[in-house]
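First to last, the sequence lines map onto chains Y and S.
Residue numbers for the first sequence follow our numbering, so the first one is 1 and each next one is one higher.
Residue numbers for the second sequence follow our numbering, so the first one is 1 and each next one is one higher.
Here is the structure we will look at, set down as structure tokens.
Number of protein chains: 2
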Amino acid sequence: MHASLTPIEGGIGAVPGVKTAAVHAGIREGASAEKLDLALILFDQPQVTVAAITTNEIKAAPLLVSDRRLAAGRTAIRALVANSGCANACTGERGIADAEATTRCAARALAIPAETVIVASTGVIGLPLPMTRIEAGVDAAAKALAPGGAAATRAARAIMTTDLVPKLSAYRFQHDGRSYTVGGIAKGSGMIAPSMATMLAFIATDFPLDARAAQDALALATADSFNMISVDGDMSTNDAVYLFAPHAEGGIASAGLREALERVTHDLAIAMVRDGEGATKLLTATVTESASREQARRIARAIVDSNLVRTALHGGDPNWGRVIAAAGSVGAGMRDGAWSLEINGLPWVAIGGQELLTEAEAHAAISKQSVEITLRLGLGSEQATAWGCDLSPGYIEINAHYRT
Amino acid sequence: MHASLTPIEGGIGAVPGVKTAAVHAGIREGASAEKLDLALILFDQPQVTVAAITTNEIKAAPLLVSDRRLAAGRTAIRALVANSGCANACTGERGIADAEATTRCAARALAIPAETVIVASTGVIGLPLPMTRIEAGVDAAAKALAPGGAAATRAARAIMTTDLVPKLSAYRFQHDGRSYTVGGIAKGSGMIAPSMATMLAFIATDFPLDARAAQDALALATADSFNMISVDGDMSTNDAVYLFAPHAEGGIASAGLREALERVTHDLAIAMVRDGEGATKLLTATVTESASREQARRIARAIVDSNLVRTALHGGDPNWGRVIAAAGSVGAGMRDGAWSLEINGLPWVAIGGQELLTEAEAHAAISKQSVEITLRLGLGSEQATAWGCDLSPGYIEINAHYRT
Chain Y
1 MHASLTPIEG
11 GIGAVPGVKT
21 AAVHAGIREG
31 ASAEKLDLAL
41 ILFDQPQVTV
51 AAITTNEIKA
61 APLLVSDRRL
71 AAGRTAIRAL
81 VANSGCANAC
91 TGERGIADAE
101 ATTRCAARAL
111 AIPAETVIVA
121 STGVIGLPLP
131 MTRIEAGVDA
141 AAKALAPGGA
151 AATRAARAIM
161 TTDLVPKLSA
171 YRFQHDGRSY
181 TVGGIAKGSG
191 MIAPSMATML
201 AFIATDFPLD
211 ARAAQDALAL
221 ATADSFNMIS
231 VDGDMSTNDA
241 VYLFAPHAEG
251 GIASAGLREA
261 LERVTHDLAI
271 AMVRDGEGAT
281 KLLTATVTES
291 ASREQARRIA
301 RAIVDSNLVR
311 TALHGGDPNW
321 GRVIAAAGSV
331 GAGMRDGAWS
341 LEINGLPWVA
351 IGGQELLTEA
361 EAHAAISKQS
371 VEITLRLGLG
381 SEQATAWGCD
391 LSPGYIEINA
401 HYRT
Chain S
1 MHASLTPIEG
11 GIGAVPGVKT
21 AAVHAGIREG
31 ASAEKLDLAL
41 ILFDQPQVTV
51 AAITTNEIKA
61 APLLVSDRRL
71 AAGRTAIRAL
81 VANSGCANAC
91 TGERGIADAE
101 ATTRCAARAL
111 AIPAETVIVA
121 STGVIGLPLP
131 MTRIEAGVDA
141 AAKALAPGGA
151 AATRAARAIM
161 TTDLVPKLSA
171 YRFQHDGRSY
181 TVGGIAKGSG
191 MIAPSMATML
201 AFIATDFPLD
211 ARAAQDALAL
221 ATADSFNMIS
231 VDGDMSTNDA
241 VYLFAPHAEG
251 GIASAGLREA
261 LERVTHDLAI
271 AMVRDGEGAT
281 KLLTATVTES
291 ASREQARRIA
301 RAIVDSNLVR
311 TALHGGDPNW
321 GRVIAAAGSV
331 GAGMRDGAWS
341 LEINGLPWVA
351 IGGQELLTEA
361 EAHAAISKQS
371 VEITLRLGLG
381 SEQATAWGCD
391 LSPGYIEINA
401 HYRT
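Right, here's the structure in full:
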């Protein structure tokens with residue numbers, strides 16, 4: 001880590017100029033009255049705002065409405081309303097109208113233009129937002145806004161669905177003798193796939209940027225973090241990562257900003273995988289000696305995405321053939337006779353397929369809580385890492401009755 | 001079904017000129033002595049033989065050796081040796097030598113050239129074939145060859161891994177006043193994915209064909225059967241479908257042959273999905289009103305391949321949003337606002353997202369043993385169907401300790 005980079009508490013609440021609040025709005029019928037389900041984020045100053053959103057062809061209404069807001073005034077964003085319990089996806093014209101009404105409601109409560117408010121939702125697909133509750137919730141949240149980590153932790157809780165823990169990360173870095181912060185909150189859990197997932201992440205910094213620099217920095221950071229994790233290979237209709245920064249025409253990303261942003265996105269991505277639905281173990285798959293970065297990425301993602309690798313991991317079964325079968329399945333250019341495998345830094349399978357660990361040694365290695373598999377392709381010098389989790393009966397239990 | 005098409009018993013054993021045998025060779029350490037694990041198929045006459053094999057970049061040794069045999073003499077094949085318990089994949093030069101030795105051993109036992117023997121394996125990846133046992137098994141099988149369904153059922157059992165039931169299908173059809181047969185055996189269970197799966201299928205007919213006609217007929221039949229099923233989205237190193245027929249220069253496929261072959265591949269594919277690892281329910285996903293056949297295929301496969309759709313199916317949770325999210329995730333051109341859904345023939349979700357069934361009605365529909373979901377895209381007039389199964393704790397139980 002860069003010498004001047006310091007991890008700090010508070011997530012997005014650690015960023016100067018950011019206030020957050022969370023309330024129980026009662027969005028999901030039957031949910032506990034303690035379940036926070038609506039979060040509000042307010043920026044003291046207009047923010048340049050950039051996004052990385054789902055590539056699913058079915059995009060939820062909040063994504064579409066936020067996209068229009070950014071297209072119309074990317075440098076003027078002041079607030080974000082996020083809710084759990086209802087995805088407002090597959091809700092047609094009504095969904096669009098409800099998302100727009102949410103921005104107007106926040107605008108009234110905060111005395112800012114509706115065009116400066118964006119929205120995000122997560123939860124069950126196909127149900128309409130309960131607008132009376134949303135509006136009451138937004139009003140209550142507007143009165144509870146506060147800076148700092150305690151409020152941000154509540155906001156992180158409010159966007160949780162099947163997540164078990166709130167996810168926050170923040171780093172402080174130096175530039176030209178001044179101290180800046182990057183901080184974020186996120187939710188993950190299920191429907192997490194390479195190329196975006198059922199995930200929301202809201203990240204802010206007080207380092208001034210122009211829109212292009214912000215977009216580039218976010219793209220770079222998500223490519224190696226949110227886009228390299230998998231819980232179940234399913235891709236959501238609602239995924240969105242938003243990065244907010246004070247606007248500075250021509251402001252470029254410093255090395256410190258880029259590194260801090262990479263750390264925050266990495267931390268939040270790993271937190272999502274660790275807290276994947278039913279997850280009991282963390283899998284880190286690194287592909288090295290690759291002909292290209294993209295090849296390494298595709299193969300690393302295929303490994304963490306394989307149900308068979310994930311069940312073997314769950315059972316502590318050192319079934320390396322499944323790793324190789326997964327790696328070969330995506331048409332990325334694996335060459336048999338050239339690859340070798342390591343597990344937790346130990347040579348595992350040599351070029352040609354010879355096992356180098358005893359069954360007991362391999363079983364001990366794959367039975368650890370955190371398992372690192374390195375696949376050397378023998379094709380070049382590029383590399384990439386993906387993160388995933390085991391597939392456990394808990395995943396099925398959670399998802400067999402999610403809606404009912 | 002065509003009037004002249006008759007389902008019959010016996011699988012590949014129902015085809016005139018085909019003999020099969022199966023023995024317990026003891027290929028997998030610790031397996032029960034009753035577990036048949038080596039199958040032999042002998043054809044009275046040389047067969048034109050065509051294949052559809054895995055697209056995995058890591059191909060097992062038996063695939064490579066069989067491929068060479070077919071390239072050298074596609075119209076002269078006399079026998080196939082298949083084993084379960086060991087995939088002979090990722091076994092390097094030794095694996096190739098072992099697969100070739102297996103063909104020589106069968107050649108000696110059957111008094112035919114080694115060049116006319118092909119091989120197939122399924123089981124654990126990365127372990128070498130126990131050649132002494134393979135050779136003894138081939139010798140014993142050669143003495144037990146018999147026509148008919150009883151022997152073929154034993155052969156179907158010998159290629160089973162985690163399959164619970166043997167899979168056979170045969171149909172009789174008429175052409176020019178003569179009766180012909182198409183019959184096959186197969187194994188499936190896990191590592192089953194669109195674009196081939198951990199599956200083996202051996203299909204024979206006594207209808208004479210040339211190589212081109214046989215290849216075309218097999219490609220057509222697999223496109224709508226084996227390539228449209230999914231158990232877990234994992235793609236094996238060993239998948240192979242072989243079609244054997246008497247060779248006739250210029251012999252083209254009759255309508256009856258094509259239809260019988262489609263029925264056999266369909267039956268075997270559905271049998272694989274019904275017997276998928278841990279499967280308790282059958283899911284049939286049909287995509288209609290598609291702009292192209294390929295679009296319909298991709299979206300139908302995405303639905304049956306989704307872990308979230310499969311867990312909802314397992315739990316009887318009518319979570320249609322997951323069906324739509326899966327359909328939109330593969331970049332096949334879904335258009336929101338144009339689609340609608342049916343379940344078991346009942347209108348389920350209207351264009352625009354309105355639910356047409358009560359929660360109780362939808363729950364009852366998705367709780368059936370066999371669930372049919374129809375997604376109308378509203379984009380054209382093409383259609384395709386894919387088959388899958390639910391994701392249950394049984395799948396995890398089976399796969400968490402497959403190797404150890």
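Every residue gets a Cβ at the ideal spot worked out from N, C-alpha and C, and that includes glycine.
Inset, instruction - Kindly say whether S:I118, judged by its beta-carbon, lies nearer than 8 Å to any beta-carbon of chain Y. - result: no
Inset, instruction - Can you give me the start and stop residues for the beta strand (DSSP E) that Y:E289 sits inside? - result: 282-290
Legend entry - Exposure of S:T358, with buried meaning 16 or more beta-carbon neighbours within 10 Å: exposed
Inset, instruction - Could you work out which residues of chain Y lie near S:A52, taking near to mean beta carbons separated by less than 9 Å? - result: Correct list: empty, because the minimum Cβ distance to chain Y is about 16 Å.
Inset, instruction - With hydrogens ignored, establish whether the beta-carbon of Y:G315 is closer than 7 Å to any heavy atom of the ligand GDP. - result: The ligand content of the structure shown is nil, which means the ligand GDP is not present either.
Inset, instruction - With a cut-off of 8 Å on the beta carbons, I'd call S:N399 and Y:T311 a contact; round off their distance for me. - result: 4 Å
Inset, instruction - Please determine, among Y:G278, Y:A76, Y:A72, Y:A89, the residue with the shortest C-alpha to C-alpha distance to S:A325. - result: Y:A89
Legend entry - Closer than 8 Å to chain Y by CB, S:N83: no
Legend entry - Residues of the segment 330-358 of chain S whose Cβ lies closer than 9 Å to any Cβ of chain Y, in chain order: V330, G331, A332, G333, M334, R335, D336, G337, W339, V349, I351, G352, G353, Q354, E355
Inset, instruction - Evaluate the contact criterion for the segment 146-164 of chain Y versus the segment 88-104 of chain Y: three or more CB pairs, one atom per stretch, below 8 Å. - result: no
Legend entry - Continuous beta strand (DSSP E) stretch holding Y:A240: start and end: 240-246
Legend entry - Helix, strand or coil at S:E397 [DSSP, three-state]: helix
Inset, instruction - Alpha carbon to alpha carbon, how far is Y:V119 from Y:D176? Give it in angstroms, no decimals. - result: 35 Å
Legend entry - Beta-carbon spacing of Y:S340, Y:R322 below 8 Å: no
Inset, instruction - Measure the Cβ-Cβ separation of Y:G183 and Y:V81 and say whether it is below 8 Å. - result: no
Legend entry - Residue-chain proximity (Y:D275, chain S), Cβ-Cβ < 8 Å: no
Inset, instruction - Using a Cβ cut-off of 8 Å (strictly closer), state whether S:D317 contacts chain Y. - result: yes
Inset, instruction - Only counting runs of 4 or more residues, tell me where the alpha helix (DSSP H) segments fall wholly within the segment 136-199 of chain S, in order along the chain. - result: 149-158
Legend entry - When S:N344, S:A327, S:G345, S:L346 are compared against S:A338, the one with the closest alpha-carbon: S:A327
Legend entry - Interface residues of the segment 292-311 of chain S facing chain Y [CB-CB below 7 Å]: S306, N307, L308, T311
Inset, instruction - Report yes or no: do the segment 262-281 of chain Y and the segment 66-77 of chain Y share at least 3 C-beta pairs separated by less than 8 Å? - result: no
Legend entry - Inter-residue Cα distance where the pair is S:Q354 and Y:I53: 25 Å
Legend entry - Reference Y:Y395; option with closest CA among S:S32, S:E262, S:V309: S:V309
Legend entry - Counted within 10 angstroms of its Cβ, other Cβ atoms place Y:Q369 as buried (16 or more) or exposed: exposed
Inset, instruction - Determine which residues share a DSSP beta bridge with Y:C86 and list them. - result: Y:T122
Inset, instruction - Check the Cβ-Cβ distances between Y:S236 and every residue of chain S, and say whether any is below 8 Å. - result: yes
Legend entry - Same chain only: Cβ atoms within 7 Å of Y:A430, ignoring 5 sequence neighbours per side: Look at the range of chain Y in this structure, 1 to 404, and you will see that residue 430 of chain Y is not part of it.
Legend entry - Cutoff 7 Å; reference S:D206; Cβ partners in own chain excluding five residues on either side: V15, P16, G17, Y180, T181, P246
Legend entry - Contact set between S:A364 and chain Y, taken where Cβ atoms lie within less than 7 Å: Neighbours of S:A364 on chain Y: none; closest Cβ ~12 Å, over 7 Å.
Legend entry - contact_flag[the segment 286-302 of chain S, the segment 378-386 of chain S] where n(CB pairs < 8 Å) is 3 or more: yes
Inset, instruction - Tell me whether the beta-carbon of S:A21 lies closer than 8 Å to the beta-carbon of S:L40. - result: yes
Inset, instruction - Check whether the Cβ atoms of Y:V287 and Y:L377 lie closer than 8 Å to each other. - result: yes
Legend entry - Residues that Y:Q47 bridges to, as DSSP identifies them: Y:I77, Y:P246
Legend entry - CB contact check: S:T91 to chain Y, cutoff 8 Å: yes
Legend entry - For S:V18, the first and last residue of its enclosing beta strand (DSSP E): 18-23
Legend entry - is_contact[S:W320, chain Y] using C-beta, thresh 8 Å: yes
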